[in-house]
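**Student:** Each residue of the sequence shown is one higher than the last, beginning at 26 in the working numbering.
Ideal Cβ positions, reconstructed from N, Cα and C, are used throughout, including at glycine.
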Amino acid sequence: MQAMGFAGLAVMAAIGVAIIGHNMLGWPTWLPVTVVVVVLIAAAVGAYVTRSWWSQSPADRKLRDASDLDDVMGAGAIDKGAELRGLSDDDPARSGLTAEDVAMAIGVVRRQGTTKGGQRVYKTLEDFTLIIMGPRSNKTSSQAVPRILAARGAVVATSNKPDLWILTAALRKEVGPIYAYDPGRIAFVDQMWWWNILSAVVDYKSAKRVATHFMAAVGTNNSDGGNSGFFDSSSKQMLSRTLLAAAVAGRSMRDVIEWIDGYSAEPVELLREHGLHRHARALEAQWGLPQETLGGIQGGASAALESLQDESDLCWVTPPETWENPPAREIPELDLWTLFAPAEKDAPTLYLMTQEGAESSGPVVAAMVDQIFKLGDLAASASGGRISPEPVIVLDEAANICRIPDLPAKASHLGSKGILVDVILQSYQQGMGVWGREGMAAMWGASTCRIIGAGLQNVDDARMVSDLVGTHEVWKESLSIGPGGKTKNRSQVREPILPLEEVAGLSRNHALLIRQGSRPVLLDLLPWYRETDNAAAITEHAREYTATVRDTAIRELGDDNPLGARLRHRLSAV
26 MQAMGFAGLA VMAAIGVAII GHNMLGWPTW LPVTVVVVVL IAAAVGAYVT
76 RSWWSQSPAD RKLRDASDLD DVMGAGAIDK GAELRGLSDD DPARSGLTAE
126 DVAMAIGVVR RQGTTKGGQR VYKTLEDFTL IIMGPRSNKT SSQAVPRILA
176 ARGAVVATSN KPDLWILTAA LRKEVGPIYA YDPGRIAFVD QMWWWNILSA
226 VVDYKSAKRV ATHFMAAVGT NNSDGGNSGF FDSSSKQMLS RTLLAAAVAG
276 RSMRDVIEWI DGYSAEPVEL LREHGLHRHA RALEAQWGLP QETLGGIQGG
326 ASAALESLQD ESDLCWVTPP ETWENPPARE IPELDLWTLF APAEKDAPTL
376 YLMTQEGAES SGPVVAAMVD QIFKLGDLAA SASGGRISPE PVIVLDEAAN
426 ICRIPDLPAK ASHLGSKGIL VDVILQSYQQ GMGVWGREGM AAMWGASTCR
476 IIGAGLQNVD DARMVSDLVG THEVWKESLS IGPGGKTKNR SQVREPILPL
526 EEVAGLSRNH ALLIRQGSRP VLLDLLPWYR ETDNAAAITE HAREYTATVR
576 DTAIRELGDD NPLGARLRHR LSAV
C-alpha cells in the first residue's frame, strides 16, 4: 500500500509538472510527455523495490543479508582467488579473470519471492567444506557434480552409487584420463588398473596407518568383552607387522591374508631378514601366546581383512601375475603420484565406488584417499606451500565408505595447501557416529565453509543450526481484559530467525551457508541441470552412460534370469 501511494504521488507530480511546463513555459509538446514517461518508469521501479523490501519479514532479510560475504562474491571473489594463485594486479594472467576461473560457485543470494538475478556466492581455493544434507536432498546435483566439473586440477570422488560416474565421467574425460575403482560393480566399470596398497608402507608407523583403515571396518573385537581394548590393540599390532613384512619383502596383500589365516611364521622371518629384529621378536611373541589368547588376536586381524577375501576385490590391490585367473590383457599399476604430476594440461579423475555394509570396500577407499592426502602434503611442500591447479576431493558418503580416523584433524590444514576437500554427510549425528562427539566438533570447527541443506530431521541437528542462525527482536501484541476494559500491550521479544521446523523443512533448492566470521546466509542452490553451460552436454552423456550401465547389468543377469529375459525383450521392442 505504501509503495502504491508513493507511485501515485509521483505520477500526480509528473502530470502537474508537464501541464505547467506546457501551458506556462511554452515547452515543446514532446517534452512534457517525456517527463511523464520517465517519472512513471522511476515510480514503477521504486514501487517494485519498496514492495520487495516490505514483502520480506525481518527474518527473511537477515537470512539474505550477504554484507559479510564481500570476499566470496563478485570482484572480492576474483581478488581472493587471484591472491591464492599468486597473481599480482599487474600480472597479464590477471586480465579478464572471472570468478569461475579462481573460485567455485555454490549458490545465489536472492530477495524473497524472486527467481532471477541475485549475486553468486563462491567457495575459495583454500576452503575445507563440510556439507550436511539428507537423502535425496539435491546434494549430488547441487554439490558433488558442479564441484567435480568446475575443478581445474585433478579430482578424486567417492560414491556409493553410479550417479557421479554417469553425470561427470564423459566431460572429465575431455580434460584428462579417468580411473574408476568399482569392485562391487556399481557402475559396471571394468578393471583397467591395480593399486599396490603396500606402496604406502615404508615403516611400522605407515603400516599401522594402513591397518587402522581395515580395523575400523570391524569395530570392537568381541573375543572377550572385558578385554576388548587389549584384543583390538593386539590385532592391530599383528596386522601392522604382517603388512610391514610383506612390504619390505616385496610381497602382496595376498600373502598377508594367507599368513594371518594360516597362522604362518614366515612374516617373522622376513622381518628378521630385513633387519627389523624388534618387530620380528614382537610378532613372534604374539604367535607364541596361549591358543585362547592367540585365537582372539588372530581372529580380529583376520576379520579386518574380510573385505579382501573375494578374488574380485583382491585383484584391485595385488599384481596381476598373482591373480588366480591372470588377465588376457595388460593391467598396469596405478601410481597415485599421477594425480599430482599429470601430463601437461591433463586433469585426471579418480572415481572410487563402493557400497557400505558387509560387502563394502571402504577400507581400500579410505586407505587410498588417505595416501592421496599424504602425497598432497608432499606435493604442496615441493611446490612452495600450495598446489596449483588445486586438486578437488569430493568425499560423498564419507561416513559410510571413507572413514579416515583423523579426517577432522586434516580439516585444519588441507585447504591452506591447495587441497580442496568436500565432506558430504547426511547429518551431523552421522558424523558423530564415525568420528565421535569431539572429532565431529573439531571437523565442524575447522571447516571454513559449511553448507546445510534439506533433509535434517534430527532434532539435535536442527536445534544446533537454529541456534547458529540466531535470534532477532520482533514486536508482539497482547490483549488483556481488566476492570477498566480491554488493554492492548505491545512489546519486543526475541525469537529464532529460523525455528526448528523451518530448518527441518528447508527446500531442496535452498541451503544455509555458514562461513567462518560471517552470519549464516540462505542461498538458492545451483544444481547442474539449471546451469546453461554444461546442462545439455551432461544430459546427453548421462543418457549414453546410463544405457551402458543398464545394458551391462542386464548381461550380467545371465541368459537364464527371468528378469534379464524380460528386460531384453522390452528393449528389443523399442
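Are three or more beta carbon pairs between the region 543 to 560 and the region 125 to 134 nearer than 8 Å?
**Tutor:** The region 543 to 560 is in contact with the region 125 to 134.
**Student:** Does the beta-carbon of Y288 have 16 or more other beta-carbons within 10 angstroms, so that it is buried, or is it exposed?
**Tutor:** Here residue 288 is taken as the residue at index 263 of the sequence shown, counted from 1. Y288 should be labelled exposed.
**Student:** Excluding the five sequence neighbours on either side, which residues of its own chain have a C-beta within less than 6 Å of the C-beta of Q144, listed in chain order?
**Tutor:** On the sequence shown, position 119 is the one that residue 144 refers to. Closer than 6 Å at the Cβ level, and outside the excluded window around Q144, lie M98 and V134.
**Student:** Just mark A487 as buried or exposed, buried being the case when its beta carbon has 16 or more other beta carbons within 10 Å.
**Tutor:** For the purposes of this step, residue 487 is identified with residue 462 of the sequence shown, where counting begins at 1. Classification of A487: buried, given that the 10 Å Cβ count is 16 or more.
**Student:** Per DSSP, what are the beta-bridge partners of Y147 in this structure?
**Tutor:** Residue mapping note: residue 147 aligns to position 122 of the sequence shown, counting from 1. Answer by DSSP bridge pairing, in chain order: A130.
**Student:** Is the separation between the beta-carbon of T374 and that of V180 shorter than 8 Å?
**Tutor:** In the sequence shown, the residue the question calls residue 374 occupies position 349. In the sequence shown, the residue the question calls residue 180 occupies position 155. Cβ atoms of T374 and V180: closer than 8 Å.
**Student:** Relative to the C-alpha of T564, which residue among L196, V243, I157 and I412 is closest?
**Tutor:** Here the question's residue 564 lines up with position 539 in the sequence shown. If we check each option's Cα against that of T564, L196 comes out closest.
**Student:** Who pairs with V419 in a beta bridge, going by DSSP?
**Tutor:** Position 394 of the sequence shown, counting from 1, holds the residue named residue 419. In DSSP, V419 forms a bridge with A182 and D447.
**Student:** Tell whether a beta-carbon distance below 8 Å holds between A529 and Q454.
**Tutor:** Working through the sequence shown from its first residue, we reach residue 529 at position 504. Working through the sequence shown from its first residue, we reach residue 454 at position 429. No, these two residues do not count as a Cβ contact at 8 Å.
**Student:** Can W284 and E294 be called in contact, C-beta distance under 8 Å?
**Tutor:** By one-based count along the sequence shown, residue 284 stands at place 259. By one-based count along the sequence shown, residue 294 stands at place 269. No, these two residues do not count as a Cβ contact at 8 Å.
**Student:** Determine the burial state of P508: buried for a count of at least 16 other Cβ atoms within 10 Å of its Cβ, exposed for fewer.
**Tutor:** For the purposes of this step, residue 508 is taken as residue 483 along the sequence shown, with counting starting at 1. Per the 10 Å Cβ criterion, exposed.
**Student:** Could you pull out every residue in the same chain whose Cβ sits closer than 6 Å to the Cβ of V70, ignoring the five residues on either side in sequence?
**Tutor:** The count along the sequence shown starts at 1 and reaches residue 70 at position 45. For V70, the pLDDT reaches just 42, beneath the cut-off of 50, and the residue's location in the model is therefore unreliable, although a value from the coordinates is still provided. None.
**Student:** Determine the burial state of M217: buried for a count of at least 16 other Cβ atoms within 10 Å of its Cβ, exposed for fewer.
**Tutor:** The residue you call residue 217 lines up with position 192 of the sequence shown. M217 should be labelled exposed.
**Student:** Taking G325 and F256 to be in contact with their CB atoms under 8 Å, please state how far apart those CB atoms are, rounded to whole angstroms.
**Tutor:** Taking the first residue of the sequence shown as 1, we reach residue 325 at position 300. Taking the first residue of the sequence shown as 1, we reach residue 256 at position 231. Confirmed, Cβ separation roughly 6 Å.
**Student:** Along the chain, where does the beta strand (DSSP E) that runs through I477 open and close?
**Tutor:** Here residue 477 refers to the residue found at position 452 when the sequence shown is read from its first residue. First-last of the beta strand (DSSP E) with I477: C474 to I477.
**Student:** When you compare each of A271, E358, I426 and K87 to H299 by their alpha carbons, which one comes out closest?
**Tutor:** The residue given as residue 299 occupies position 274 in the sequence shown. Nearest of A271, E358, I426 and K87 to H299, Cα basis: A271.
**Student:** Using DSSP's beta-bridge definition, name the partner residues of W553.
**Tutor:** Residue 553 sits at position 528 when you count from the first residue of the sequence shown. In the DSSP output, where bridge partners are listed per residue, W553 has none listed.
**Student:** Buried or exposed for T123, please, with buried defined as at least 16 other CB atoms from any protein chain shown within 10 angstroms of its CB.
**Tutor:** Within the sequence shown, the letter at position 98 stands for residue 123. With fewer than 16 Cβ atoms within 10 Å of its Cβ, T123 is classed as exposed.
**Student:** Between which two residues does the beta strand (DSSP E) containing H299 stretch?
**Tutor:** As a working mapping, residue 299 is identified with position 274 in the sequence shown. H299 -> no beta strand (DSSP E), and no H or E assigned at all.
**Student:** Do P545 and L493 come within 8 Å of each other at the CB atom, strictly closer than that value?
**Tutor:** Taking the first residue of the sequence shown as 1, we reach residue 493 at position 468. Taking the first residue of the sequence shown as 1, we reach residue 545 at position 520. Yes; because the gap between Cβ atoms is below 8 Å, this pair is in contact.
**Student:** Just the C-alpha distance for G409 and L403, rounded to the nearest angstrom, thanks.
**Tutor:** As a first step, residue 409 is located in the sequence shown; it is residue number 384 there, counting from the start. As a first step, residue 403 is located in the sequence shown; it is residue number 378 there, counting from the start. If you take the alpha carbons of G409 and L403, they lie about 10 Å apart.
**Student:** Which residue marks the beginning of the beta strand (DSSP E) containing I205, and which one marks its end?
**Tutor:** The residue labelled residue 205 in the question sits at position 180 within the sequence shown. The residue you asked about is not Ile; residue 205 is Ala in the sequence shown. Counting along the chain, the beta strand (DSSP E) containing A205 begins and ends at I203 to Y206.
**Student:** Just to confirm the assignment, what range does the alpha helix (DSSP H) spanning A536 have?
**Tutor:** As a first step, residue 536 must be located in the sequence shown, where it is residue number 511. Not the alpha helix (DSSP H): A536 falls in the beta strand (DSSP E), residues H535 to R540.
**Student:** What separation, rounded to the nearest whole angstrom, lies between the Cα atoms of G389 and A100?
**Tutor:** Translated into the one-based positions of the sequence shown, residue 389 becomes position 364. Translated into the one-based positions of the sequence shown, residue 100 becomes position 75. Looking at the sequence provided, one finds Val at residue 389 rather than Gly. Roughly 42 Å separates the two Cα atoms.
**Student:** Check each candidate in D584, D228, V243 and A242 and name the one with the smallest Cα separation from T623.
**Tutor:** The question about residue 623 has no answer here: the residues shown for the chain are numbered 26 through 599.
**Student:** For G178, which residues in the same chain have their Cβ closer than 8 Å to its Cβ, ignoring the five residues on either side in sequence?
**Tutor:** Numbered from 1 along the sequence shown, position 153 holds the residue referred to as residue 178. Once the five neighbours on either side are set aside, the close Cβ partners of G178 are A372, I412, S413, P414, E415, P416 and V417.
**Student:** Quick one: grab the DSSP three-state call for D584.
**Tutor:** Translated into positions along the sequence shown, residue 584 becomes position 559. Residue state, collapsed to three classes: coil.
**Student:** F153 by DSSP, collapsed to three states: which one?
**Tutor:** Translated into positions along the sequence shown, residue 153 becomes position 128. Strand.
**Student:** Please confirm whether S406 and S332 have their CB atoms less than 8 Å apart.
**Tutor:** The count along the sequence shown starts at 1 and reaches residue 406 at position 381. The count along the sequence shown starts at 1 and reaches residue 332 at position 307. No, the pair does not count as a contact, with Cβ atoms beyond the cut-off.
**Student:** Considering only C-alpha positions, which residue in the set A598, R593, L537 and N586 is nearest to K87?
**Tutor:** Your numbering for residue 87 matches position 62 in the sequence shown. Out of A598, R593, L537 and N586, L537 has the C-alpha closest to the C-alpha of K87.
**Student:** Is it buried or exposed, K105, if we count other Cβ atoms within 10 angstroms and call 16 or more buried?
**Tutor:** Working through the sequence shown from its first residue, we reach residue 105 at position 80. Looking at its Cβ environment, which holds 16 or more other Cβ atoms inside 10 Å, K105 is buried.
**Student:** State the start and end residues of the unbroken beta strand (DSSP E) segment that holds T374.
**Tutor:** Sequence index remark: in the sequence shown, residue 374 carries index 349 (1-based). Looking at the DSSP string, the run of the beta strand (DSSP E) that includes T374 is T374 to M378.
**Student:** Since A236 contacts L264 with CB under 8 Å, what's their CB separation in whole angstroms?
**Tutor:** Numbered from 1 along the sequence shown, position 211 holds the residue referred to as residue 236. Numbered from 1 along the sequence shown, position 239 holds the residue referred to as residue 264. Correct: roughly 4 Å between the Cβ atoms.
**Student:** Select from L547, E556 and K198 the residue whose C-alpha is nearest the C-alpha of Y376.
**Tutor:** Taking the sequence shown and counting its residues from 1, one reaches residue 376 at position 351. Of the listed residues, the one whose Cα sits closest to Y376 is K198.
**Student:** In whole angstroms, what is the alpha-carbon distance linking D188 and S277?
**Tutor:** Along the sequence shown, read from residue 1 onward, the residue named residue 188 stands at position 163. Along the sequence shown, read from residue 1 onward, the residue named residue 277 stands at position 252. Rounded to the nearest angstrom, the two C-alpha atoms are 32 Å apart.
**Student:** So, at 7 Å on beta carbons, what are the nonlocal neighbours of Q396 in its own chain, with the 5 sequence-adjacent residues on each side left out?
**Tutor:** Translated into the one-based positions of the sequence shown, residue 396 becomes position 371. Around Q396: A225 and L361.
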